[in-house]
Structure formats: structure tokens, C-alpha cells
Amino acid sequence: MSAARFPLLLAAELRLILRERLTWAILAALVAALCLAAWTGAGRVAAARTALAAAAADGERAVREAKAAHLRYGRPAAIKVNYWQDPTDAFGYMTYFMAAYAVKPPTPLAVLAAGQSDVQPAVTKVGFGFSTVFDDTATEIGSAAALRLGPFDLAFVLVVLVPLAIIALAGTRLSSEHDSGILRMIAAQPARPRRVAGAKFGAAALVALTATLGGTMLALLLSGGLGDLADWSGAAALLAAALAAYVVFWVAACALAASLWRGAVTALAGLVLAWACLTIALPTALGLAVDALAPVPSRIAAIDASRQAQARFYAGEEAPRVTAAWLATKRPEDARRPELADAPELKRLARDDYYDEALADHHRAAGAQALAASAWSRRLALLSPATALTLALETASGTDAGRHAAFLTDAAAYRRSLRAFFEPRILAQAVDPAPVCAGCPARLDFDAYDAVPAFAPADARAAAARQALLTLVCLGAAAFLLAALAVRRLKQWPA
Amino acid sequence: MRRIGAELALCLHDARLRWIGAVLVLLLGVAGLGAWRDAVRYGHQVDAVTAAERARWLGQDAKNPHSADHFGLWVFKPSSPLAVLDPGSEPYTGRMVRVEAHVFNDAVYRAVQDAGPLARAGLGSVADIVGLVVPLAAILLGFSAFAADRERGTLRLALGNGIAPGPLFAGRFSALLLALVLVVGLPLLGIGALAALSRDAAGWQAWPRLLAWIAVQLAYAAVFLLVAMLVSLVARTARHALAAALAIWVGLCIAAPRLAPAAVEISVPAVSHREVRARIDAKLRPHRTAEANDSRTREVLARYGVSEADALPVDLRGLMMVENDEHHFDLYDREFGALFDGLAARERAFAWAGLLSPRVALQALSQTLAGTDFAQHAHFVWTAEAYRRAISERMNAEIRDRPQRGGATLVAGPELWREIPPFAHAPLPLSRGLADAVVPALVLALWLAGLAGLCVPLVRRLKP
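As given, the protein sequences belong to chains A and B, one line each in that order.
Counted the way numbering that gives the first Met the number 0 counts, the first sequence spans residues 0 to 494.
Counted the way numbering that gives the first Met the number 0 counts, the second sequence spans residues 0 to 463.
What follows is the structure in C-alpha cells.
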């Protein structure tokens, strides 16, 4: 058979595959699963957007209430106002009024994968207390059973269920003909095994690609969970291409299984076991490897260090000494004023610096570990097609571990920027207290509520495009390799 | 019994059992010993830091009791010895709580936060291996039970020789179940015994928990053994039986468990932790204003019929702290109580979601018996909160009952710190666990009974 007639053979196989009831049952189940997953994803994204809106509203509420209290206490009255009730006190505002949040907004493709979002909250209130030791204490306690079972998201359907659908569609092509004896009849025709296999698996690939990409698009559109893709079209296109490569990889795996000529059921069983290895066993092994390569530093050791610092600070004359030393570095000209070393707000600022210094090594170790774990995960994920695609989907969704590690670093930097904003103002108020008016309950004159720095979330677009491209290259290479192996084995019909 | 012995002997000679057994023992051993090593290390760290915290609490300088209340301490959740086998909800819930004045702190630092992004792939613990791999092992052992004989024609011979299908089925099933007991039950017993003997198991009733837990895992394995044999009864060839059983495995162990959270979320709506926190903050804010404080001060002075704080028989600041805390306690009880009730209702719903997949029923049942379920976590959180309240109440009472005049500040010393006992947490007893386990146990029993019921007519109509 000439190459020119191959499209005819492909079309015939396509008609054959589309005529099978099993095909339509598989496709219907796949599209239903995609729609359900997109729907749960849309719910998750909506919840994330609600949390972000609530954080923004809370920030505005804090400013509004501070301004109202400023106005109320800026008039003579008999009421006593403590510093934690007084927004004219920069320290009081910073510690008790301000509602500043570091946020990780969902990307326009966030509907694709839950990733780490169910265990790592995307909104964290930036505070100046000492109840916690690390920056990642924001917690959203939810159903542990649900977390343990995992979400039914698009990443799960695309990475785990789509290969099963492909195996069901294409896993017995050629090998069932081998079992039933029809292969002998086909072999008697003037068609080479590669052409026949190419038509059969090509048709299966066309159906699987159309169903997967089309079904995903349909599910995304129906769910309404997609954001504005204007600046994300490149990343989305690369992701679609990576998904296509993943589909082709599994079709190629089916072709390779068929080329072993061991019969349909063996091919099917082998493919399911290969799927279990690639989607469950290998990712588990890679997870263990990441744990070994980037061991988690002890949280308990850090807590112990923080408590040692706390105990040291409050023992004997350490607190005044630390405060005086801190003041000498910040305002040398006022360091000798005895009342300043006793000022509670300065003592607190000095104490927080003291604690930060005591925990600096632990913070560095935790930050480095988070970055190392995400970096190793990114590298090792490429060893399994399933983890590679998962990572690409999570990165596009902005729910990957790398983005979260960077978010925590940014949140810590934001906390430092807030501290840098307030510290000179608190110092100035302590050195030269100036009340709003005589006889007013308001103690001081802070009113720069609108000037407090806001958190600027990082853009996840470049990382998403980079990861999708890397995944596309890896999956494309893997698919090509499997296809080449299958083609090589399909040189001749079985004896 | 003789038939079971003969079938078991056949089974023991099968290379398949040796391979499956070796893989299972290896997987369970690696996961179990790794978890045991981590648990022992974590236990030592917790013991050391708990002792250090107690020493720091007792070694505080003389200070105002409210400052001591703010100094506070950290308390740590004791882990069930059987967490080595099934960590249950433990990785997904905080392990330590900062106990301090005024604040109902969350339990923080969930193990899952520290785990790498690939760690949730599916086979991280012994329980995960039992949930996913043991069914596969049961299928690989049982798929050929009748289909292979049918394919070879030996089933016709056996039935022709007058062997009744019922006893034949029962004998093969019993033999394969015994084989599973050997390759699954014994390793689990070994790891569990190591955990129970080497870790502090006081109050956990570790041995009865362990035996019940292993029995449940074997019942779960039996479900999939029945699935495999059921398919084997009807399949034309062993390979068809294997393909069908694998498809069922994918459906029941991989796909259906992921549907359970979505189903539970729809059927049991629960308020979110973030909303609860926001509501608490919103209710606390008006209570903290200068005006509210002023109004409460005037109300206290009027209650005692005096016009100045120094004329009160108690310390005004101490009394107001007592009353403030009572207000906060009520609020926390209401709001967090509703949150934890909602979460507990969801966890209970997962037991019914076990009707979708025996793996979901097993998860609910297994963690309850292991003492790692959400009820244990909630019990720890509320015990820590009760401890926090006890400290605050004692410190506030000291200030309230020893009024200081002229703006002086009360200073207390080690005698007062010693009045606070060390944090002690007794886990929920096994009887409570058994009560919680009724529904998932019933669901798992339904799976067993349903599959056994399906087998009966097929065995009766067994065709060679």
C-alpha cells in the first residue's frame, strides 16, 4: 500500500472506532469527569477569590475604622484610650488596627489544579505578634479526610484518568485482532504492519486528542472558572500542547504494548500496571527522593530556639539592655534618655529584632529548604510523565510549591517593609510625642493610614510558560521515544 | 479444613504468592520502619521541648501574672503509637499549639505543609499501601481462582468428579485469605508491635487497637479477594478476569475515592475556618474599643457601689480581665464549637461515602481504630484550650484577688507558676473510637456481604 493511501486507511479506522459503542461510553465518561472536575475547580477558585476579596475588604475596614477613631478621639473627651485602642499611636495602629495581607491571587488558569492550595492558604495576615515562629503559620483547617483522599480536579482527571481512557480506547487495538485471528487476514493484505498500526493508533490518537483537548475546553467554558487569558494565551497554548503530547505518549504506549504481540488482555494488564507505576509508584519514589535531597529542618528546634530567646529576653536586666542597645543603633542621639529604654513600644520593637536575630538561622534554613524542595521537585518531576504534567498544570494554576515558597519569601519581605515603614514613625513619636490636641483622648498624631505599603503579588505567568514548555519538550521526547520503539517493533507481522 | 489445607499448600507453592509477598513485605517494611523512625525521633524531640518548656515556665522571673500568661508555653500533640501504621488525619492537622493569654491559637505546622509537593502521590504510609497495593495483591492472587481452571479445562474435571462448587469456592477463598493474612497481616502485626512496644503507649490501648486495626485491613483485603474471585467465576479466561479485576481496582481505589470529597462537600456544607476567624475578629473588635472598656469600667464600679477603682475590694484590672476572658471563652466556644462540629459532621459523612468505594470506608475506619482520626485532633485542640483557660483563669484570679492601690503592679513568683500543672493529654478511649467506627464498619461489612451475596448464585451456577 502506498503512502498516499494512508489517509484513506486512517479515515476507515476513524470511522470504525467512532462506530464502537465503547468509544462513546468512554468519551462520555471522560467529558463528564472533566466537567465535574472543572466545576469543583471553579468552586475552589471562587472560594479563593472570595478570600482575597474578604482580605481586601478587611484592610479597607481597618483604615476606615482607624480614621473614624482618629476623628472621635481627636476631640476633647473624658474617656481613657490605651495605645492598643488608639490609631493615632503608630505602634498601636501597627499592632492592633492594621489589617495587612499578603495574598497569592489565583491565575487565570487556576481552575486546572488544586496543587498545594488545599494545604497552603493563599492569604496570610501579616502581623507583629510572637505567637508563631515561622511565616507559614496561616492555616485553613478543613476536612482531613478530604485532604487525604485528594481533590477531584482537572489535574487528576487529565493526569490520572485520561491515560486510563486512552488505554481503554487503544489498549487492545491490533492485539485483539491478533487474539481473534483477524490479524492473519490483515497481514494477507498489501499493507505493511507500520501503516496498519499507524492508522489504528493514529485514529485512536485523533479521537483521544479531540476528546481530551475539546472536552477540557468545553468543561472550562461550562464551569466559568477561567480568568482573563489575554496575557496568558502563550502559556495556555504551551499547556495544551503539553497535554496533547501526554495523550500521544499514552497512545504510543498502547502501540508499544500491542507490538509485543502477547494478546489483548496481557497488553491491557501491562498498560494498567505501567500506568500504576508512572502515576502512583514513581511519583511516590520521587517524593521520597525529594525528602532525602531537601530534608525538612525541625520545627520543634525552631520553637525551642524562639522560646530560649524569649526566656533570655525576660530574664534579669536583659530587656532594658537589649532595648538600650537597639536604641543606640537607631537613634544614637537619644539613646541616653532613660525614659525611652522603658517605653513599651520601643521595648517591643527591640524585642522583635532580638527574636528575629535568634531565629535568623532557622528562618534561613526553612526558606532554603522550601526553595530546595520545590527546585528538586521541579527537576525530578520530569522523570515521570504524570508528575511532569501535574507540575505544569499546577504552575499554570499558580498552586505549585515553588510559587508558594516564593510567596512566603515575599510575605516575609512585606512584613519587613511594613516594619521599615512604621519603625521611624514609632521612634519619632516616642522621641517627640505630639498629641493631636490638648485634652484629647488621642495620644499622638499618626494618620498615614493610606500610605501604609500594600503587598504586591508576583506574576506567575513566566514560570507557567517556562514549565509548560519544559513539560512539552519532555513529554514530546518521551512520546517520540515510545513511538519510535513501537515503530521499530512493528517492522513485520508476528509469526 | 482438609480442602483448605490442600488449597493453601497449592497456594504456598505458587511463585506468584512469593513474589507478591516479597513486594508487600518490602513495601510495608520500608514504609513502616521509616514512619517508626520518624515517630521515635519526633517523640524524643517533643519530650525534650516539653520538659524545656516546663522548666522555662517554672523558671520565669518574678513578674505580673498577666505577663506570665502572655509568656505562656507551647504544648504538643501526642501521637498515637499506631500512627506509624496509619497517620490518619495527623499530617493534615497542626501538631503544636502556642498557649498564651487571650488567644485561641490554631494548632500549627501540619506535616503536610513540610512534605514535598510530590509526597501526596499515594503511597506515603503503610495505610496507603494497604489501601492501594493490597487490593492489587488480592486481585493478582484471586483472579485465576476459577478462570484459569476453566481455561485449562481442569474445572470441568473437578466438577465432574463430584466436587460441589460451594465448598470448592469456600476452600479456595479461605486458602487465599490465609495467604493474605500471611503476607499482609503478619508484617502489619510486626510493625504495629514494634510501634506499640517502643513508643509511649500509655492511655492509647495500643494492643486492642492494633488487633482490631489489622482485622479491618484483612477484611478490606477480603473485599478485593471476593472481587477477584467473583470476576474469576464469570470470566472466560484468566486474562479476561485479570483485566476486569484491574478495571474494578482502578474504579474503586483510584477514581471513586476522589469523588467522595466532592460528594461530601455538596451533601454536608460546612463553614470555613477563615469565615469563623473573621466572625470572631468582628465580634471582638467592638468589645476592645475605649468606649466599650469605659462602659464596662463604669458598670463594675456601679456594681460595687464605688466611684473609684481603688475603693473596690478587688483589683479592677484583674476583674475586667476575668470578665473579658469569660466573654472571649463564650465566643470561642460558640464559633469554634460550630466549626469543629461542622468538620466532625463531614468526617462522619465520609464513613457513608464509603458506599462509593471500600477504600473510603477503610480510611474512616482505619484512622478511628488507629487513634489518628479527626476526633482525636479536636480533643487535643480543646484540651489545649482548656489548659490555656486554666492558666489565664488562675493568673487573672491572682490579680483580681490581690488588689494593688495607687497604680502599683502586682508581682508574683515561682509559687504561683508551680500551681499550674504540666500539660497532660489523655487520648479519647478506644470505646469512643469503636462507637465512631460503627458506620464505616457497617459500610465495609456491607461491601463484604454484598460481594459474598453476589458470589452465591454465581457459585451455584458455576459453569466449567
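Backbone N, C-alpha and C fix where the C-beta goes; we use that ideal spot for every residue, glycine too.
Is Val437 (chain B) buried or exposed, if buried means 16 or more other CB atoms sit within 10 Å of its CB?
For this step, residue 437 (chain B) is matched to residue 438 along the second sequence. Exposed: under 16 other Cβ atoms inside 10 Å.
Take Phe168 (chain B) and list the residues in its own chain whose beta-carbon comes closer than 6 Å to its own, dropping the five residues that flank it on each side.
Start at 1 with the first residue of the second sequence, and residue 168 (chain B) comes out as number 169. The answer, listed in chain order, is Val458.
By the three-class DSSP mapping on this structure, what secondary structure does Thr394 (chain A) have?
Along the first sequence, read from residue 1 onward, the residue named residue 394 (chain A) stands at position 395. Three-state result, Thr394 (chain A): helix.
Bridge partners for Thr389 (chain A) per DSSP, in chain order?
As a position in the first sequence, residue 389 (chain A) is number 390, starting the count at 1. Answer is none; Thr389 (chain A) lacks a bridge partner.
Look at the alpha carbon of Pro256 (chain B) and the alpha carbon of Leu361 (chain B), and state the distance between them as a whole number of angstroms.
If you number the second sequence from 1, residue 256 (chain B) lands on position 257. If you number the second sequence from 1, residue 361 (chain B) lands on position 362. Rounded to whole angstroms, Pro256 (chain B) to Leu361 (chain B) spans 11 Å at the Cα level.
Can you find a C-beta in chain B that's less than 9 Å from the C-beta of Pro384 (chain A)?
As a working mapping, residue 384 (chain A) is identified with position 385 in the first sequence. Pro384 (chain A) does not count as touching chain B.
By Cβ distance below 7 Å, which residues in the same chain neighbour Arg172 (chain A) in space, the five residues on each side in sequence not counted?
Locating residue 172 (chain A) in the first sequence gives position 173, where the first residue counts as 1. Counting only Cβ-Cβ distances below 7 Å, and skipping sequence neighbours, we find Lys199, Phe200, Ala203, Cys253 and Ala257.
Is Leu358 (chain A) near Val156 (chain A), with beta carbons less than 9 Å apart?
Residue 358 (chain A) sits at position 359 when you count from the first residue of the first sequence. Residue 156 (chain A) sits at position 157 when you count from the first residue of the first sequence. No, Cβ-Cβ distance for Leu358 (chain A) and Val156 (chain A) is not below 9 Å.
Any C-beta of chain B sitting closer than 9 Å to the C-beta of Leu417 (chain A)?
The residue given as residue 417 (chain A) occupies position 418 in the first sequence. Judged by the 9 Å Cβ criterion, Leu417 (chain A) is not in contact with chain B.
Hey, could you find the ends of the alpha helix (DSSP H) Thr123 (chain A) is sitting in?
Working through the first sequence from its first residue, we reach residue 123 (chain A) at position 124. Element bounds for Thr123 (chain A): not the alpha helix (DSSP H) but the beta strand (DSSP E), Val122 to Val125.
Give the list of continuous beta strand (DSSP E) stretches no shorter than 3 residues that lie fully inside the segment 79 to 126 of chain B.
List check, beta strand (DSSP E) in window: 95 to 98.
Taking just the CA atoms, how far does Leu26 (chain A) sit from Phe479 (chain A)?
By 1-based counting over the first sequence, the position of residue 479 (chain A) is 480. By 1-based counting over the first sequence, the position of residue 26 (chain A) is 27. If I take the Cα positions, the gap works out to 25 Å.
Rounded to whole angstroms, what is the Cα-Cα separation between Arg465 (chain A) and Ala288 (chain A)?
Locating residue 465 (chain A) in the first sequence gives position 466, where the first residue counts as 1. Locating residue 288 (chain A) in the first sequence gives position 289, where the first residue counts as 1. Cα to Cα, the separation comes out at about 24 Å.
If you measure between the beta carbons of Thr367 (chain B) and Asp435 (chain B), is that distance less than 9 Å?
For this step, residue 367 (chain B) is matched to residue 368 along the second sequence. For this step, residue 435 (chain B) is matched to residue 436 along the second sequence. The answer is yes: Cβ separation under 9 Å.
Output yes if chain A places a C-beta closer than 9 Å to the C-beta of Thr382 (chain B); else output no.
By one-based count along the second sequence, residue 382 (chain B) stands at place 383. Closer than 9 Å: no.
Can you pull out the residues from the segment 140 to 165 of chain A whose beta carbon lies closer than 8 Å to at least one beta carbon of chain B?
If the cut-off is 8 Å between Cβ atoms, the segment 140 to 165 of chain A has Ile140, Gly141, Ser142, Ala143, Ala144, Ala145, Leu146, Arg147, Leu148, Gly149, Pro150, Phe151, Phe155, Val159, Leu160 and Leu163 near chain B.
Would you mind telling me which residues of chain E sit closer than 9 Å to Trp18 (chain B), beta carbon to beta carbon, in chain order?
Looking for chain E here will not work: the only protein chains present are A and B.
At a cut of 8 Å, does the segment 452 to 466 of chain A reach the segment 85 to 105 of chain A through at least three beta carbon pairs?
These segments touch.
Out of A:Met93, A:Leu205 and A:Arg71, which has the shortest C-alpha to C-alpha gap to Arg414 (chain A)?
Position 415 of the first sequence, counted from the start, is the residue given in the question as residue 414 (chain A). For Arg414 (chain A), the nearest C-alpha among the options comes from A:Met93.
Could you round the C-beta distance between Gln44 (chain B) and Ile299 (chain A) to whole angstroms and report it? I think they count as a contact, below 8 Å.
Residue numbering aside, residue 44 (chain B) sits at position 45 when the second sequence is read from its first letter. Residue numbering aside, residue 299 (chain A) sits at position 300 when the first sequence is read from its first letter. Correct: roughly 4 Å between the Cβ atoms.
So, with DSSP's three-state summary, where would you put Val270 (chain B)?
Taking the second sequence and counting its residues from 1, one reaches residue 270 (chain B) at position 271. The answer is coil: DSSP assigns Val270 (chain B) none of H, G, I, E or B.
So, for Ala82 (chain B): in the same chain, excluding its five sequence neighbours on each side, which residues have a beta-carbon less than 6 Å away from its beta-carbon?
Locating residue 82 (chain B) in the second sequence gives position 83, counting from the first residue. Counting only Cβ-Cβ distances below 6 Å, and skipping sequence neighbours, we find Glu89 and Thr371.
Residue range of the beta strand (DSSP E) that Tyr100 (chain A) falls in?
Walking along the first sequence from the start, residue 100 (chain A) turns up at place 101. Ala99 to Val102 is the span of the beta strand (DSSP E), which, as asked, contains Tyr100 (chain A).
Three or more C-beta pairs closer than 8 Å, one from the segment 223 to 238 of chain B and one from the segment 136 to 144 of chain B: is that the case here?
Touching, yes.
Return helix, strand or coil for Val247 (chain A), following the three-state DSSP convention.
Translated into positions along the first sequence, residue 247 (chain A) becomes position 248. Helix.
Report the residue from B:Leu443, B:Asn395, B:Leu315 and B:Arg333 whose alpha carbon sits nearest the alpha carbon of Val215 (chain B).
Counting from one through the second sequence, the residue named residue 215 (chain B) turns up at place 216. Cα-wise, what sits closest to Val215 (chain B) is B:Leu443.
Across which residues does DSSP place Ala411 (chain B) in a beta bridge pair?
The residue labelled residue 411 (chain B) in the question sits at position 412 within the second sequence. DSSP output for Ala411 (chain B) lists B:Lys62 as bridge partner(s).
Could you please give the first and the last residue of the uninterrupted beta strand (DSSP E) stretch that includes Trp73 (chain B)?
In the second sequence, the residue the question calls residue 73 (chain B) occupies position 74. Counting along the chain, the beta strand (DSSP E) containing Trp73 (chain B) begins and ends at Leu72 to Phe75.
Determine contact between the segment 219 to 236 of chain A and the segment 180 to 198 of chain A, defined as no fewer than three beta-carbon pairs at a distance below 8 Å.
Too few Cβ pairs lie closer than 8 Å, so no.
Going by beta carbon distance, what residues of the same chain come within less than 8 Å of Val270 (chain B), once the five residues before and after it are set aside?
Position 271 of the second sequence, counted from the start, is the residue given in the question as residue 270 (chain B). Same-chain partners within the cutoff: Ala337, Leu338 and Gly341.
Quick one: residues in its chain with C-beta nearer than 7 Å to the C-beta of Ala400 (chain A), no 5 flanking neighbours on either side, listed in chain order?
Along the first sequence, read from residue 1 onward, the residue named residue 400 (chain A) stands at position 401. Counting only Cβ-Cβ distances below 7 Å, and skipping sequence neighbours, we find Gln115, Ala372, Ser373 and Ser376.
I'd like the list of long-range same chain contacts for Val182 (chain B), defined as Cβ closer than 8 Å, with 5 residues on each side in sequence excluded.
In the second sequence, residue 182 (chain B) corresponds to position 183, counting from 1. Counting only Cβ-Cβ distances below 8 Å, and skipping sequence neighbours, we find Leu16, Ile19, Gly20, Leu23, Val24 and Ala136.
How far does the alpha helix (DSSP H) with His326 (chain B) in it reach, from first residue to last?
In the second sequence, counting from the first residue as 1, residue 326 (chain B) sits at position 327. Segment Leu315 to Ala352, the alpha helix (DSSP H) holding His326 (chain B).
Closer than 8 Å by beta-carbon distance: list the chain B residues that pair up with Ile302 (chain A), in chain order.
For this step, residue 302 (chain A) is matched to residue 303 along the first sequence. Val48, Trp73 and Met95, listed in chain order.
Considering only their Cβ atoms, is the gap separating Ala121 (chain A) from Pro107 (chain A) smaller than 9 Å?
As a first step, residue 107 (chain A) must be located in the first sequence, where it is residue number 108. As a first step, residue 121 (chain A) must be located in the first sequence, where it is residue number 122. Contact flag unset, no.
Compare the C-beta of Glu64 (chain A) against all C-beta atoms of chain B and say whether one is closer than 9 Å.
In the first sequence, counting from the first residue as 1, residue 64 (chain A) sits at position 65. Output row for Glu64 (chain A): interface = yes.
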